[in-house]
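Numbering (UniProt numbering), first residue to last: 1 to 56.
Beta carbons: idealized from backbone N, C-alpha and C, even for Gly.
Note that this is a predicted model, so its numbers are computed, not measured.
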Amino acid sequence: MSGRELTRQVAINTLHVQEVTTRISELRRLGLDIKSEWKRDFGGTRYKSYHVEMSK
């Protein structure tokens, strides 16, 4: 993975984006190759992490 990771919590708290999945879908429709990965936090709760592969 390259680039920076974005999670729903980060998007809400730092970017003030409430509808994260809607924004991700819009960016994908515009042609961005956004990858996603399911992860688990320390308590076992699943969450999705998004990132864009950066060209070298």
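- Rounded to the nearest angstrom, the gap between the Cα atoms of Asp33 and Glu53 is 7 Å.
- With respect to the 8 Å criterion, Ser49 and Glu5 are classified as neighbours on the basis of their beta carbons.
- In the DSSP assignment, His51 is bridged to Lys35.
- Burial is judged here by how many other beta carbons sit within 10 angstroms of a residue's own beta carbon; Ile24 has at least 16 and is buried.
- Under the three-state reduction of DSSP, Leu27 is assigned to helix.
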